[in-house]
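Student: In order, the protein sequence lines correspond to chains X and H.
Counting from 1, position 99 in the first sequence corresponds to residue 98 in numbering that gives the first Met the number 0; the numbering is continuous, with no gaps.
Counting from 1, position 105 in the second sequence corresponds to residue 104 in numbering that gives the first Met the number 0; the numbering is continuous, with no gaps.
Virtual Cβ for every residue (Gly too), placed ideally from N, Cα, C.
Predicted, not measured: the structure shown is a model, and the values here were computed from it.
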Amino acid sequence: MTNNVAILGGAALPVGKWQGSSEDETQHLEHELLAKLVMDAMEDAGLEKSDISSMIFTLPRPYTQQKYFATFMANYLNLPCDGLVMEVLGNGMTPALAFQTAVDQVTLGRAKVALALGVNFESATSSYDHMMSSMRATGDVDFHTPFGFTPISWYAMDAVRYIHEFGSSREELASVAVKNRAHAMHNPIAQYRKPMTLDDVMAQRPIVDPLGLFEVPGRADGAVCIVVADEDVARATGKSYARIRGAGFYHEGAHQINEVPNDMIAFGSARRAGEKAYAQAGMTAKDIDFAELYAPCTIVEVLVSEALDLVARGEGGRMAAAGETSVGGRIPICTSGGLQSRGHPAYVTALYSYIEVLDQFRNRAGGRQVEGAGVGMTSAELGNYNAALVHILEAVQ
Amino acid sequence: MTLPFVEMPGKRSYPPRQSDFTIKFWQGLADGVFQTTRCVKCEKLSFPPKPICPHCWSKETVWETLSGKGTLYSKTTVHAGPAVFKEELPYQVGIVDLDENIRIATRVLGDAKLDTPVEMVILKYEDGDLYAAR
Ligand SMILES: [Zn+2]
Numbered sequence: 000m001t002n003n004v005a006i007l008g009g010a011a012l013p014v015g016k017w018q019g020s021s022e023d024e025t026q027h028l029e030h031e032l033l034a035k036l037v038m039d040a041m042e043d044a045g046l047e048k049s050d051i052s053s054m055i056f057t058l059p060r061p062y063t064q065q066k067y068f069a070t071f072m073a074n075y076l077n078l079p080c081d082g083l084v085m086e087v088l089g090n091g092m093t094p095a096l097a098f099q100t101a102v103d104q105v106t107l108g109r110a111k112v113a114l115a116l117g118v119n120f121e122s123a124t125s126s127y128d129h130m131m132s133s134m135r136a137t138g139d140v141d142f143h144t145p146f147g148f149t150p151i152s153w154y155a156m157d158a159v160r161y162i163h164e165f166g167s168s169r170e171e172l173a174s175v176a177v178k179n180r181a182h183a184m185h186n187p188i189a190q191y192r193k194p195m196t197l198d199d200v201m202a203q204r205p206i207v208d209p210l211g212l213f214e215v216p217g218r219a220d221g222a223v224c225i226v227v228a229d230e231d232v233a234r235a236t237g238k239s240y241a242r243i244r245g246a247g248f249y250h251e252g253a254h255q256i257n258e259v260p261n262d263m264i265a266f267g268s269a270r271r272a273g274e275k276a277y278a279q280a281g282m283t284a285k286d287i288d289f290a291e292l293y294a295p296c297t298i299v300e301v302l303v304s305e306a307l308d309l310v311a312r313g314e315g316g317r318m319a320a321a322g323e324t325s326v327g328g329r330i331p332i333c334t335s336g337g338l339q340s341r342g343h344p345a346y347v348t349a350l351y352s353y354i355e356v357l358d359q360f361r362n363r364a365g366g367r368q369v370e371g372a373g374v375g376m377t378s379a380e381l382g383n384y385n386a387a388l389v390h391i392l393e394a395v396q
Numbered sequence: 000m001t002l003p004f005v006e007m008p009g010k011r012s013y014p015p016r017q018s019d020f021t022i023k024f025w026q027g028l029a030d031g032v033f034q035t036t037r038c039v040k041c042e043k044l045s046f047p048p049k050p051i052c053p054h055c056w057s058k059e060t061v062w063e064t065l066s067g068k069g070t071l072y073s074k075t076t077v078h079a080g081p082a083v084f085k086e087e088l089p090y091q092v093g094i095v096d097l098d099e100n101i102r103i104a105t106r107v108l109g110d111a112k113l114d115t116p117v118e119m120v121i122l123k124y125e126d127g128d129l130y131a132a133r
């Protein structure tokens, strides 16, 4: 046994509006959609139902009627498991934590094959109402929330600080959204695929200054199933797979802001988590062919790509504007279209990152294919990148 | 050392809760006093005020009045907000580094620039108080 873990298969629902309302005659039901994805993902992996020993679910949104979703699904799929069957919650990091827990099941020898899966239905709830809940997740409910901080207001303050410190322009930040849309146009599961120019981005109504509508993530529904397996199992299928070469997690012990003033836009947790992942993989940023980063807003992509050493500090916006982070550029970032254009069904968003890695490694990314995609990086976070989980993956053909 | 008051229309959109411990902070605002806790053991300040010290995990802290002077670290204007804040849109929030080396997040009034001095003020609503930087 090598003790290596592989991503061997995956399937995902196109990101968009799937949630219906009680007034509709029929509605999409979360478990029906997810059950089909499980079968598609297992077919993609070349494995049988009986191979699965563990299922790690992302917690559904409170709008999902079915509670105890994981155990409900175990019954719906008639799937007894020796390994863990459970649901995970960790804000925006939820799907990455589900993935890591599934990987851990394999590493610990509790399962040869584990699923990381989930469904996020929320689009039928208005943003004003949804924010009544999300504002309590990204701040101290007694000492932040009364002032009206929203989840993305923290990122907006990152942007204001970044422009102030590095003299980057609003246009340079907005170019990240243009680049991501250009990628999403080639991604059949992306939510927003119409061509978009820098002028289009700049012309949108403001949401949180300086970020406008197209620089922040829309809201969406989605569902994903990822199959992870012991590398011996993966190799025996004869299929190509993604070998996990390095992983790093770090929580800075702060919630949105550190009460001791620090360099907020250095994204120290991403840097620490990235250093751990690089060290475990025995690699540096130069070895990364593409990165699928969790970045709800344009500025977040800039800051996390700087913290992971993919671009130079203070240069992330300019490099995006110069095409360095586009497919065909020096270091393609968010080839899926990212959270602004591929879409952001929050509690499953990061699971879409592993789908993108597999698509790139299996050379099935079409017009957004990175030439010679051999090593990919993913990141996930919560808060204002107060915690980060970074993976480095390698294609094994 | 008391802070200036600013009269605000109506009630707070999302009133904070208070505990037997934090009630001293919120009642202090009514008197124009902006205060937090200092650890007796390691002598570090913490904000929000806490009955424990997050730095050295001592359980002994004492109240201390803050100057209300600081520097604006960042800010934004919120144009799309949660349902209870709809009437207040758009509004300004920001991050302030107090002179006592504490970072707080708060409402921001006026057009202060980043890295320039700001002062804390007490916002007087019909149902109680909040605070802001200007
Ligand atoms: Zn202490």
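Along chain X, in chain order, which residues have C-beta atoms closer than 9 angstroms to that of H/R133?
Tutor: Taking the first residue of the second sequence as position 1, residue 133 of chain H is located at position 134. Going along chain X, no residue has its Cβ under 9 angstroms from H/R133, so there is no contact; the nearest lies around 14 angstroms.
Student: Pairing CB atoms from the segment 330 to 347 of chain X with CB atoms from the segment 269 to 276 of chain X, are three or more of them under 8 angstroms?
Tutor: no
Student: H/V77 touches chain X at which residues, Cβ-Cβ below 7 angstroms?
Tutor: Along the second sequence, one-based indexing puts residue 77 of chain H at 78. The CB of H/V77 comes closer than 7 angstroms to the CB of G147, T149, S152 and V207 in chain X, given here in chain order.
Student: Can you say whether X/N383 is buried or exposed, counting buried as having 16 or more other CB atoms within 10 angstroms of its CB?
Tutor: For the purposes of this step, residue 383 of chain X is taken as residue 384 along the first sequence, with counting starting at 1. Buried is the call here.
Student: Which runs of the beta strand (DSSP E) fall wholly inside the segment 163 to 232 of chain X and span at least 3 residues, in chain order?
Tutor: 205 to 207 and 221 to 229
Student: Using a Cβ-Cβ cut-off of less than 7 angstroms, list which residues of the segment 39 to 66 of chain H approach chain X; keep chain order.
Tutor: S45, F46 and P47
Student: Taking 9 angstroms as the CB-CB cut-off, is H/R37 touching chain X?
Tutor: Walking along the second sequence from the start, residue 37 of chain H turns up at place 38. In terms of beta-carbon proximity, H/R37 stays away from the interface with chain X, with every pair separated by 9 angstroms or more.
Student: Answer with buried or exposed for X/Y67, where buried requires no fewer than 16 other C-beta atoms within 10 angstroms of its C-beta.
Tutor: In the first sequence, the residue the question calls residue 67 of chain X occupies position 68. Flag for X/Y67 reads exposed.
Student: Kindly indicate if chain H contains any beta-carbon less than 9 angstroms away from that of X/E171.
Tutor: Looking up residue 171 of chain X in the first sequence gives position 172. It does not: the Cβ of X/E171 has no partner Cβ on chain H nearer than 9 angstroms.
Student: Is the separation between the beta-carbon of X/I330 and that of X/A284 shorter than 9 angstroms?
Tutor: Walking along the first sequence from the start, residue 330 of chain X turns up at place 331. Walking along the first sequence from the start, residue 284 of chain X turns up at place 285. A contact, by the Cβ cut-off of 9 angstroms.
Student: Within the continuous alpha helix (DSSP H) that includes X/M72, where are the two ends?
Tutor: Taking the first residue of the first sequence as position 1, residue 72 of chain X is located at position 73. Per DSSP, X/M72 belongs to the alpha helix (DSSP H) from F68 to Y75.
Student: Short check: CB of X/Y351 to CB of X/G221, under 9 angstroms?
Tutor: Locating residue 351 of chain X in the first sequence gives position 352, counting from the first residue. Locating residue 221 of chain X in the first sequence gives position 222, counting from the first residue. Closer than 9 angstroms, so yes.
Student: Using only Cβ atoms and a threshold of 6 angstroms, which residues come within that distance of a heavy atom of ligand 1? Order them by chain position.
Tutor: H/C38, H/K40, H/C41, H/K43, H/C52, H/H54, H/C55 and H/S57
Student: So, for X/D141: in the same chain, excluding its five sequence neighbours on each side, which residues have a beta-carbon less than 7 angstroms away from its beta-carbon?
Tutor: Walking along the first sequence from the start, residue 141 of chain X turns up at place 142. Nothing listed; no residue qualifies.
Student: With DSSP run on the structure shown, which of helix, strand or coil describes X/V303?
Tutor: To locate residue 303 of chain X, count along the first sequence from 1; it is residue 304. In the structure shown, X/V303 adopts helical secondary structure according to DSSP, grouped into three states.
Student: In whole angstroms, what separates the C-alpha of H/C55 from that of X/A253?
Tutor: Here the question's residue 55 of chain H lines up with position 56 in the second sequence. Here the question's residue 253 of chain X lines up with position 254 in the first sequence. Distance between the alpha carbons of H/C55 and X/A253 is about 15 angstroms.
Student: Can you give me the Cβ contacts of H/F102 inside the same chain, cut-off strictly under 6 angstroms, excluding the 5 residues immediately before and after it?
Tutor: The residue given as residue 102 of chain H occupies position 103 in the second sequence. In the sequence on display, residue 102 of chain H carries Arg and not Phe. Only D96 meet the Cβ criterion.
Student: Please report how far the alpha carbon of H/P53 lies from the alpha carbon of X/F360, in whole angstroms.
Tutor: Position 54 of the second sequence, counting from 1, holds the residue named residue 53 of chain H. Position 361 of the first sequence, counting from 1, holds the residue named residue 360 of chain X. Answer to the nearest angstrom: the Cα atoms are 45 angstroms apart.
Student: Determine the direct distance from the alpha carbon of X/G8 to that of X/A34, and round the result to whole angstroms.
Tutor: The residue labelled residue 34 of chain X in the question sits at position 35 within the first sequence. The residue labelled residue 8 of chain X in the question sits at position 9 within the first sequence. Distance between the alpha carbons of X/A34 and X/G8: 15 angstroms.
Student: So X/E258 contacts chain H; which residues on that side make the cut at Cβ distance below 9 angstroms?
Tutor: As a first step, residue 258 of chain X is located in the first sequence; it is residue number 259 there, counting from the start. Within chain H, the residues near X/E258 are L44, S45, F46, P47, P53, I101, R102 and I103.
Student: Check the Cβ of X/T297 against every Cβ in chain H and list those closer than 9 angstroms, keeping chain order.
Tutor: Against the first sequence, residue 297 of chain X aligns to sequence position 298. Under the 9 angstroms cutoff, chain H gives no residues; its nearest Cβ is about 14 angstroms from X/T297.
Student: H/V92 touches chain X at which residues, Cβ-Cβ below 7 angstroms?
Tutor: Taking the first residue of the second sequence as position 1, residue 92 of chain H is located at position 93. Going along chain X in sequence order, the residues near H/V92 (Cβ under 7 angstroms) are F146, G147, F148 and S152.
Student: Any beta-carbon of chain X closer than 9 angstroms to the one on H/E118?
Tutor: Here residue 118 of chain H corresponds to residue number 119 of the second sequence, with the count starting at 1. So, not an interface residue.
Student: I need the straight-line Cα distance from X/L107 to X/K193, nearest angstrom please.
Tutor: Within the first sequence, numbered from 1, the residue matching residue 107 of chain X stands at position 108. Within the first sequence, numbered from 1, the residue matching residue 193 of chain X stands at position 194. Each residue's alpha carbon lies about 45 angstroms from the other.
Student: Can you look up X/M0 in the DSSP assignment and give me helix, strand or coil?
Tutor: Position 1 of the first sequence holds residue 0 of chain X. Because X/M0 carries a pLDDT of 47, less than 50, the predicted location of this residue cannot be relied on, and the following value inherits that uncertainty. X/M0: coil per DSSP, three-state reduction.
Student: Report the neighbours of X/H143 on chain H: residues whose CB is nearer than 8 angstroms to its CB, in chain order.
Tutor: Along the first sequence, one-based indexing puts residue 143 of chain X at 144. Residues of chain H with a Cβ closer than 8 angstroms to the Cβ of X/H143 are, in chain order, A104.
Student: For a cutoff of 9 angstroms on Cβ pairs, would you count X/R204 as touching chain H?
Tutor: Taking the first sequence and counting its residues from 1, one reaches residue 204 of chain X at position 205. Judged by the 9 angstroms Cβ criterion, X/R204 is in contact with chain H.
Student: Quick one: does the C-beta of X/A319 sit closer than 8 angstroms to a heavy atom of ligand 2?
Tutor: Among the ligands modelled here, namely ligand 1, ligand 2 does not occur.
Student: At least one CB of chain H closer than 9 angstroms to the CB of X/V159: is that the case?
Tutor: Residue numbering aside, residue 159 of chain X sits at position 160 when the first sequence is read from its first letter. For X/V159, the answer is yes, since a Cβ of chain H falls inside 9 angstroms of its Cβ.
Student: Please report the straight-line C-alpha distance between H/T1 and H/A132, rounded to a whole angstrom.
Tutor: Position 2 of the second sequence, counting from 1, holds the residue named residue 1 of chain H. Position 133 of the second sequence, counting from 1, holds the residue named residue 132 of chain H. The alpha-carbon atoms of H/T1 and H/A132 are separated by roughly 14 angstroms.
Student: Does any residue of chain H bring its CB to less than 9 angstroms from the CB of X/S168?
Tutor: Mapped onto the first sequence, residue 168 of chain X falls at position 169. No - not a single Cβ of chain H is within 9 angstroms of the one on X/S168.
Student: Give the secondary structure of X/Q339 by DSSP, where H, G and I count as helix, E and B as strand, and everything else as coil.
Tutor: What you label residue 339 of chain X is simply residue 340 of the first sequence in a count that begins at 1. Helix.
Student: Strictly under 9 angstroms for the Cβ-Cβ distance: is X/Q339 near chain H by that measure?
Tutor: Position 340 of the first sequence, counted from the first residue, corresponds to residue 339 of chain X. Chain H, which has no Cβ nearer than 9 angstroms to the Cβ of X/Q339, makes this no.
Student: Quick check: the Cα distance between X/A379 and X/M92, rounded to an integer number of angstroms?
Tutor: Locating residue 379 of chain X in the first sequence gives position 380, where the first residue counts as 1. Locating residue 92 of chain X in the first sequence gives position 93, where the first residue counts as 1. The alpha-carbon of X/A379 is positioned some 5 angstroms away from that of X/M92.
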